[in-house]
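**Q** Following this message is one structure expressed as structure tokens.
Residue numbers (full-length UniProt numbering): 1 to 151.
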């Protein structure tokens, strides 16, 4: 599939979920752009990284940092942006095949796709945790430094 088409689709998908999540105004654009950013980073990661799970991990780290920055700009929780921005990374195809194989009784394929799907979910969750934790430390140190140097 053409990369330009994928990037536009990632933007539109995140925009749709942003509307569904009742995000309004500038926040809507930030959230949709975050989804596009997540997919661009994922695609670029394919050029430089050795494994697909690493692509998901790095992409989720970057989009989480992006969401944290947007949260500071808009004075709203980071999850406002992150929930919509992470949508393009959700392994829908793999999850569909996992469930299809389970229903059809093809347990070998179910186990294979199931472990693949869980690996993607773990990579995304780990990236979010790493970036969220580092953001908290960074902003706490920045706030501490600002309070002590302004006296």
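Ideal placement from N, C-alpha and C gives every residue a C-beta, glycine not left out.
Taking residue 57 as the reference, give the member of 138, 9, 109 and 38 with the closest Cα.
**A** The residue with the shortest Cα to Cα distance from residue 57 is 38.
**Q** According to DSSP, is residue 86 helix, strand or coil?
**A** Correct three-state label for residue 86: coil.
**Q** Scan the UniProt domain "Threonine/Serine exporter ThrE" (6-133) and note each continuous alpha helix (DSSP H) run of 4 residues or more that stays entirely inside, going in chain order.
**A** List check, alpha helix (DSSP H) in window: 26-48, 52-74, 79-85 and 92-104.
**Q** CA-CA distance, residue 101 and residue 111?
**A** Cα to Cα, residue 101 sits roughly 9 Å from residue 111.
**Q** Using CA coordinates, which residue listed in 55, 83 and 54 is at the minimum distance from residue 68?
**A** The shortest Cα separation from residue 68 among 55, 83 and 54 belongs to 83.
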